[in-house]
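Notes follow once the structure below has been shown.
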Amino acid sequence: MSATSPTSDPGGPLAAGRPVLELRGVTKEYEGNRVLKGVSLAVRAGEIHALVGENGAGKSTLMNILFGMPVIHETGGYGGDVLLNGAPVRFTQPVQAMAAGIGMVHQEFMLLPGFRVAENIKLNREPAHPSFLSPLFGRRLDSLDRKTMRGDARRALDRVGLDIDEWLPVAGLPVGHMQFIEIAREVDKTGLRLLIFDEPTAVLTESEAEKLLESMKAFSAAGVAVLFITHRLDEVKAVADRITVLRDGEVVGSAEPLDPRTTPVTRIAELMVGRPSAVVAEKRARVANADVALSVSGLRVEMPGEPVAEATFQVRRGEILGIGGLAGQGKLGIANGIMGLYPASGSVALEGVSFSLNDPRGALERGLAFVSEDRRGVGLLVEESVELNIALSALEAQGRFLKPFPIPALRSSDGGAIRAHAASMISRLDIRTTGPRQQVKRLSGGNQQKVCVARAMTLAPRLLFVSEPTRGIDVGAKERVLEILSGLNRDQGVTLVVTSSELAELRAICDRILIVYRGRIVADLAPGASDAEFGMAMAGETAHS
Amino acid sequence: MTGLRAFLKEAGVPRLIIAAFVIVLFGVAVATKMNLPSLVTDSIVRVARNGILVLALLPAIQGGVGLNFGLPLGILCGLIGCVLTLNWGVGGAAGLALASGIGAALAIPVGAGYGWLLNRTRGQEMMVGTYLGFAAVSGMSIFWLLAPFHNPTLVWAIAGKGLRTTLSLTGSFDKVLDRWMAFEVAGVTIPTGALLVFFGLCALVAWFFKTQMGITIAAARSNPRFARAAGISDQRTRIQATVFSTLLGAIGIVVYSQSFGFVQLYTAPLLMAFPAIACILIGGATVTRATVTHVVVGTFLFQSILTVALPVTSQVIQGDISETARLIIQNGMILYALTRVGSGK
Amino acid sequence: MSFARGRRLIGRYSVPLLFVVLCVFGIVVAEITPAFLLGEMLIRIGRNSLLVLSLLIPILAGLGLNFGIVIGAMAGQIAAIFAVHWGFSGIGGFGVAMLLATPIAILFGWATGTLFNKAKGREMVSGLIAGFFANGLYQLLFLFAIGTLIPFHNPEMVLPQGFGLRNTVDLSPIQYAVDDLVKWQVPMEGTMLRVPIASYVLVGAFCALTLFFFRTRLGQQFRAMGQDPHVAAIAGIPVERNRLLATILSTLLAAWGQLLFLQNIGTVNTYNSHEQVGMFAIAALLVSGATVTKATVGQALLGTILFHTLFVVSPLAGKALAGDAQIGEFFRVFVAYAVISVALVLHAWQSAKREREAV
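Written out as structure tokens, the structure reads:
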């Protein structure tokens, strides 16, 4: 079952100077939010070029632009230039990209479960003969040539080394097979110049991932340029010729792409998560002798994309604890699991009293609060007013803002109190809004985040979880939000647990920082620890791994 | 954008057309010196008659279940209440209360079951509700035919069994509410009792959505994931909303019947959801948002058209165009609402 | 056949089996003679199959149950009325009606398809309401425009007031135009059963055409869309345009189907004939075990047979059992509604479940 070289049309000799793909200063904005801030890179024929970065760095957006996905066009298009073999192109539909020789193996499979393997491989490119209706209605009514379909599919499957019957229905096939059928589909296309792999090994077993990397090498050997998106640094080490690191919509590190053979993995990890800290870290007195506020033992969380395998740690009263790590390693799962948003198991105790997991209301009632990383999805009622958003959690969990009434469920809300409280929060947190009754969806990202924080503060929690506090917010508002959080801790003694993919901000406000790798806590570092220590922990190269 | 332009754009073309149509009809009525007081009386009576059925749709929309095409389920509960009350010969205000009480009591378990089913069929609530309603009305028809009632005023004379298609309420609770405290002003007779009950229930519903329970229900509709993070079960709130809607439907048909003077069985409830839905949409509601104002305004606009269209147009056009107009306006409005941007089915 | 496999087969075919049981029960109770039953069924299947067939393409293209075929039926009716009014008769008259119905149905189908594209995810409700709405427009046309805006001199068809079409329009000039194209009668138990061979040939032709269609590239595109419009779009399939096309094809078949129906009945209830068309055709299809997302030609035919058998049997059984045919009529309508409700609930249940598991 070896993978033999796929057909391709070498756009130019391997050694030629002109790259197959070139991006020059590509920018993209979504509703005022700059997701890509001028990305430039080049991929040569036969090269495997890895694109690494955190979630939210802009990788998916870049791929959507390259492949002509409609969502780009529908939200205002993009800036900058994309050149294919030196000629500028601008795709608004995937068909155009495919016709130009770009293929894509998607992260979420683009397969039809009710169709057979061969039908999926030849989707919308089926071989067909003219039928009796064709003269009247055109090529669309040609009848399908099943024999040729199966033959082509068979050849493609053989090339990727997948030994299954091409006439099987796709539904029910194991996930690993589906990934290879995706690749077979691209193999079958003639004139392939650039093949994009988007997180292809996410759902594969170790051996399947190895086979996939081999087929990737086979493509590159045949002269196809390969763009490989991932955040698995070991894979990058294994196959990539060059690496570009993307962070916050920009290319970081050197202007030239990095050579994995000479760049240590830890350096790549550093680049992914943050500038080496030139930020002045607030010298904080360690709260080493305070009581334990929250004690977590053997926490396991099933959060898709951020699973926690086994987390054991303690949070001391009055401290600001940071949780960091690369995307997909599980750091976001911890807070979500404890607050009951995703199924969790293990034992948790708040100030010595243990409480059961999987109970969002219980967590709130015990004095825990959560500002989620998914602002619009979980954190806000975007169609409702600022004042309602701020008051709602306290109203539900603590019965605040309700006038007394014999039947608890029918207590009427106190509009005046809600409005007054909202007004005070607006001034305290400097929320830019036309008034407490404005719809939250009209606020900017930064102000929406402040509303989320305000809602958490209204609960007067003892311990506050905050995840990705400054994601998607412009620089000025970032500072403000971090100040507010520090202020909460300093002035009101609220214990904070901050989860973030921005190492710099963790180092700026936290007392200590836990690093999560593969769902486990692998390091407990002081903010002043060296960049190398952080880099190694995040890349999984510590004594534990 | 200035306030007026923004208002007009929000309102949308169909509503503006309908509002203009109402004005034109009344204008023609005045111009041709028609009996305006009787037209106005009829309009008001019809608003009071249909209002609660329209109001019944509000909890469902606010609860996130969409347009409650399954309103016939609540209506059937109310009809059972009416039939039993008539069979036991209870008349007057007591009869009205008894019919409503029985209807409401039945509506709670029926609404809960319906709500449970809607939870399992998320995304297709409207279609499921429509056909469930149709099937229920159809099944009930068989029941009405076979029911063990023997009261001579209710059953077919010749066969001696099987309920008649329409049961008269004269001598029972016919127009009990309509006539209560009714008074005349400038030739227009106001059905005070019925209006009071309608407005009273409107106020009750408005108050309910300011209570903790109501706020919880609306929050769960607004963002189910947010709700889950706050410990709210949107399965529960949807069932609560559906029960409330079904309950109001049961009471609504009792009030409707007393105003109409007849209890209509068999296939009459089949299509009753549609005019009510058109009313609330005309009033400004969408598939995901409704307020009491929408209910009142929409009922007034749509019912006025229905009342006034026939007499006014019959002066000009021979034949009854009001039924055709109703079909076009009612269903056109619902179509418009269905094509608006908005998630869900 | 293992026990487990047998159970699974019964599960899949439970609805059609239940129907067979009901029908057999009804036939026995009402003492229906085979000749009578066969005679009725020959006629009913011939005239109703095409309407049921028209539902297939939208289902496979991902539009669900096309409640808007009522609109296609209206197109057919308009064509029939005008064809007879202009004096055409016989098979020629039927042909004229089909030709006339075509552009009307295409226009109607285009409007309905545009609506469906605007109401993605809500196609079925929209189709249902659109049918009611179109009915209003249809009434406007035939009650008020005929004779006034549209000159129509025909005292037999027009109401005495000078405009507006009568409630019943006689279509005898084209009655049996197709049915009796090839006259064939079969003797059975003392009566002569009419076998409308030409109609069956026509239905068969459309069945074959439908089967062939799904072996073409366009048919493959439709099937892809029906499974996952997003994946289809990425592969370059023009999803919106194809949905429009699917609706037009369905509406066209429904128009011709209604014509086939009318040529057998011989009269048209101007304002009522088309109303139940959608509901009965859909119920008939679902009875065979077809679902909102999957249906075959065989199921269309099977469903028509089962549904119409019950349709005939039910009132007679009601009369025999309870002395009242009315119960039987209510029962068959109830069954139709119930079958559709069950199919809708199952479809929604499964897709809601799939959405939850995907998260």
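Residue numbers (my numbering), protein chains in the order written: chain B, 1 to 545; chain X, 546 to 890; chain Z, 891 to 1249. From the three backbone atoms N, C-alpha and C, an ideal C-beta is built for every residue, glycine too. As the structure is a prediction and not an experimental result, all values here were calculated from the model.
Listed by position along chain Z, the residues whose Cβ is nearer than 8 Å to that of residue 115/B are 1113, 1114 and 1117.
Put simply, of 914/Z, 927/Z, 917/Z and 903/Z the residue whose alpha carbon is nearest the alpha carbon of residue 1078/Z is 927/Z. Look at residue 768/X: its C-beta is under 7 Å from a C-beta on chain B. Against chain Z, the beta carbon of residue 690/X has neighbours under 9 Å at 1212, 1214, 1216, 1217 and 1220, listed in chain order.
Under the 10 Å beta carbon count, residue 450/B is surrounded by 16 or more other beta carbons and is classified as buried. Rounded to the nearest whole angstrom, the CA to CA distance from residue 622/X to residue 785/X is 17 Å.
Under DSSP, residue 28/B takes part in a beta bridge, and its partners are 36/B. Going by DSSP, residue 926/Z is part of the alpha helix (DSSP H) stretching over 924 to 943. Each of 1183/Z, 1205/Z, 1227/Z and 1142/Z was checked against the Cα of residue 997/Z, and the nearest Cα belongs to 1142/Z.
Partner residues in the beta bridge of residue 1159/Z, as assigned by DSSP, are 1058/Z.
Using a Cβ-Cβ cut-off of 7 Å, residue 377/B is close to 770 of chain X, given in chain order. Counting C-beta atoms within 10 angstroms of its own C-beta, residue 36/B has 16 or more neighbours from the protein chains shown and is therefore classed as buried. Separation of residue 734/X and residue 852/X (C-alpha to C-alpha, rounded to the nearest whole angstrom) is 15 Å. Against residue 679/X, the close residues of chain Z are 1227, in the order they occur along the chain (beta-carbon pairs closer than 7 Å). The C-beta distance from residue 265/B to residue 54/B rounds to 15 Å, too long to meet the 8 Å contact threshold.
Distance from residue 231/B to residue 327/B at the Cβ level is roughly 5 Å; contact confirmed, criterion being Cβ atoms closer than 8 Å. For residue 1025/Z, the nearest beta carbon of chain X is closer than 7 Å to its own beta carbon.
Taking residue 1014/Z as the centre and dropping the five residues before and after it, the same chain places the C-beta of 954, 955 and 957 closer than 7 Å to its C-beta, in chain order.
A Cβ-Cβ distance of about 20 Å is found for the pair residue 1100/Z and residue 1196/Z, leaving them out of contact under the 8 Å criterion. Runs of the alpha helix (DSSP H) lying entirely within the region 81 to 123 of chain B and spanning at least 4 residues, in chain order: 94 to 99 and 117 to 121. Per the DSSP secondary-structure output, residue 79/B pairs in a beta bridge with 27/B. Per DSSP, residue 801/X is one residue of the alpha helix (DSSP H) stretching across 779 to 805. Neighbourhood of residue 780/X in chain B, by CB distance below 9 Å: empty, with the nearest CB roughly 14 Å away.
Approximately 6 Å separates the beta-carbon atoms of residue 1007/Z and residue 1133/Z; this is inside 8 Å, confirming the contact.
By the beta-carbon neighbour count (other beta carbons within 10 angstroms, threshold 16), residue 704/X is exposed. Residues of chain B whose Cβ lies closer than 7 Å to the Cβ of residue 1110/Z are, in chain order, 126 and 144.
In this structure, residue 105/B sits near residue 200/B, with a CB-CB distance shorter than 7 Å. Taking 7 Å as the CB threshold, residue 384/B lines the interface with chain X. Following the DSSP letters along the chain, one finds residue 1106/Z in no beta strand (DSSP E), marked with neither H nor E. Taking a C-beta cut-off of 8 Å against chain Z, the contacting residues of the region 90 to 104 of chain B are 93, 94, 95 and 98, listed in chain order.
For residue 751/X, the nearest beta carbon of chain B is not closer than 7 Å to its own beta carbon.
Annotation: residue 190/B to residue 993/Z spans about 42 Å, alpha carbon to alpha carbon. Check the Cα spacing between residue 419/B and each of 385/B, 174/B and 112/B: the tightest is with 385/B. Among the CB atoms of chain B, one or more fall inside 7 Å of the CB of residue 1107/Z.
CA-CA distance, residue 261/B to residue 159/B, rounds to 29 Å. Shortest Cα-Cα distance from residue 151/B to any of 174/B, 127/B and 133/B involves 127/B.
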